[in-house]
Amino acid sequence: MASDVKPRVKVPKSAAAGEVITIKSLISHKMESGQRKDGDGNLIPRSIINRFTCDFNGQNVIDITLEPAISTNPYFEFEAQVPEAGEFKFTWYDDDGDVYEDSKPIAIG
Amino acid sequence: MEFTRRETLALGAGAALMTVLPFRANAAVDDVINEFTGGAAVADSGVDLTAPEIAENGNTVPVAVSAEGASAILLLAAGNPTPGVAKFTFGPLAGSHSASTRIRLAGTQDVIAIAQLADGTFARASKTVKVTIGGCGG
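Protein chains in written order, with the working numbering: chain A, 22 to 130; chain B, 110 to 247.
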């Protein structure tokens, strides 16, 4: 059970139609790799976010599969086209079945 | 030039070894790559991989991949307990076929990026990263 999971995304407030913008995303998550041992020498079970997607008005921008080798507090930076005004939707899928969501509107101008 | 049968055989065996050896370094990595490429040939240019030469802390190593027109890029760490790191699949609204993130490295090793290019072929890039403190809790 992941606690204190907080998604953060940085998207410009506005862009010109057709412009390519940079998106930065970070979600606080301990990303337990399943390789570490606790004080008694027992393996700590894996608990990671295994997928992250970004969509704009229903069209996919990027779909990322995460493995345990992604660092704590997974950070991603990528670029997206903005054909029109609308909303970016970000979704993180946790191993334990939880889904975290965030969205950011963007205006044309 | 004339070769005896024995010399010819030795030459052939040597050549075969040379071609096979580099790909036998890590079977788990090969399996993951084959699963991604379907066994197709992998070219040496067409994908860019940016990683530091020396990472003081293997827990968070910044890495960036980019490949013009790629539909997907697979990122691997050859020396980790499990080689998989991430797979980036680019959708129709991707502004560029590039992404960056932070990864864990268990120790000094090669980081490998394999991209599936627009024409369906595959390209590979790899970079050795020296790690001072390992990042897999070992």
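Just so it is clear, CB atoms sit at the ideal spot from N, CA and C, and this is done for glycine as well.
(message) Suppose you measure from the CA of B/PHE132 to the CA of B/GLY188; what does that come to, to the nearest Å?
(response) Unreliable positioning characterises B/PHE132 in this predicted model, as indicated by a pLDDT of 42, which lies under 50. The coordinate reading is nonetheless provided below. Each residue's alpha carbon lies about 14 Å from the other.
(message) Buried or exposed, going by whether 16 or more other CB atoms sit within 10 Å of the CB of B/LEU130?
(response) Confidence at B/LEU130 is low in this model, with a pLDDT of 45, below 50, so its placement is unreliable and the value that follows should be read with caution. So B/LEU130 counts as exposed.
(request) Check whether the Cβ atoms of B/ILE223 and B/GLY167 lie closer than 8 Å to each other. (result) Taking 8 Å as the Cβ cut-off, B/ILE223 and B/GLY167 do not qualify as a contacting pair.
(request) Thinking B/LYS196 and A/ILE85 are a contact (beta carbons under 8 Å), I'd like their distance in whole angstroms, please. (result) 7 Å
(request) Can you say whether B/GLY227 is buried or exposed, counting buried as having 16 or more other CB atoms within 10 angstroms of its CB? (result) Note that residue 227 of chain B corresponds to Ala in the displayed sequence, not to Gly. B/ALA227 should be labelled exposed.
(message) Helix, strand or coil for A/GLU122? Go by DSSP, reduced to three states.
(response) strand
(message) I'd like to check one pair, A/ILE48 with A/PRO104: are the Cβ atoms closer than 8 Å?
(response) no
(request) Note down, in chain order, all residues in the segment 62-86 of chain A with a beta-carbon under 7 Å from any beta-carbon belonging to chain B. (result) For the segment 62-86 of chain A, which is checked against every Cβ of chain B, the residues closer than 7 Å are PHE77, GLN80, ASN81, VAL82, ILE83, ASP84, ILE85, THR86.
(request) Taking the CB atoms as reference points, tell me whether A/ILE129 and A/ALA38 lie closer together than 8 Å. (result) Going by C-beta atoms, A/ILE129 is nearer than 8 Å to A/ALA38.
(message) Let me check understanding here. Comparing Cα to Cα, which of B/GLU165, B/THR191, B/GLY155 lies closest to B/ALA181?
(response) B/GLY155
(request) Return the CA-CA distance between A/LYS27 and B/THR198, expressed in angstroms with no decimal places. (result) 24 Å
(message) By alpha-carbon positions, which one of B/ARG233, B/VAL240, B/ASP139, B/ALA203 ends up nearest to A/ILE44?
(response) Considering only B/ARG233, B/VAL240, B/ASP139, B/ALA203, the residue with the shortest C-alpha distance to A/ILE44 is B/ALA203.
(message) I'd like to know whether the C-beta of B/PHE199 is nearer than 8 Å to at least one C-beta of chain A.
(response) yes
(request) Starting from A/GLU98, trace the beta strand (DSSP E) both ways and give me its first and last residue. (result) 96-103
(request) Report yes if the CB atom of A/GLU100 is closer than 8 Å to the CB atom of B/SER209, and no otherwise. (result) no
(request) Decide if B/ALA150 is buried, meaning its Cβ has at least 16 other Cβ atoms within 10 Å, or exposed. (result) exposed
(request) Could you list which residues in chain B have their beta carbon closer than 7 Å to that of A/PRO89, in chain order? (result) THR191
(message) Closer than 8 Å is the cut-off here; do at least three beta carbon pairs connect the segment 105-119 of chain A with the segment 62-79 of chain A?
(response) yes
(request) Excluding the 5 residues preceding and the 5 following B/GLN218 in the sequence, name in chain order all residues of the same chain whose CB lies nearer than 8 Å to its CB. (result) ALA186, ALA187, GLY188, ASN189, THR237, VAL238, VAL240
(request) Please report how far the alpha carbon of A/GLU122 lies from the alpha carbon of A/ALA36, in whole angstroms. (result) Looking at the two C-alpha atoms, the distance is approximately 23 Å.
(request) Could you tell me which chain B residues have their CB closer than 8 Å to the CB of A/VAL32, listed as they occur along the chain? (result) Residues of chain B passing the Cβ test: none, with the nearest at roughly 12 Å.
(message) Per DSSP, what are the beta-bridge partners of B/ALA224 in this structure?
(response) Its beta-bridge partners are B/ILE182, B/ALA232.
(request) Rank B/ALA232, B/VAL141, B/THR117, B/ALA160 by C-alpha distance to the C-alpha of B/ARG213 and give the top, closest one. (result) B/ALA160
(message) Buried or exposed for B/ALA164, going by 16 or more other Cβ atoms inside 10 Å?
(response) buried
(request) Determine the direct distance from the alpha carbon of B/THR117 to that of B/GLY200, and round the result to whole angstroms. (result) 52 Å
(message) Mapping the DSSP letters down to three states, classify B/VAL141 as helix, strand or coil.
(response) helix
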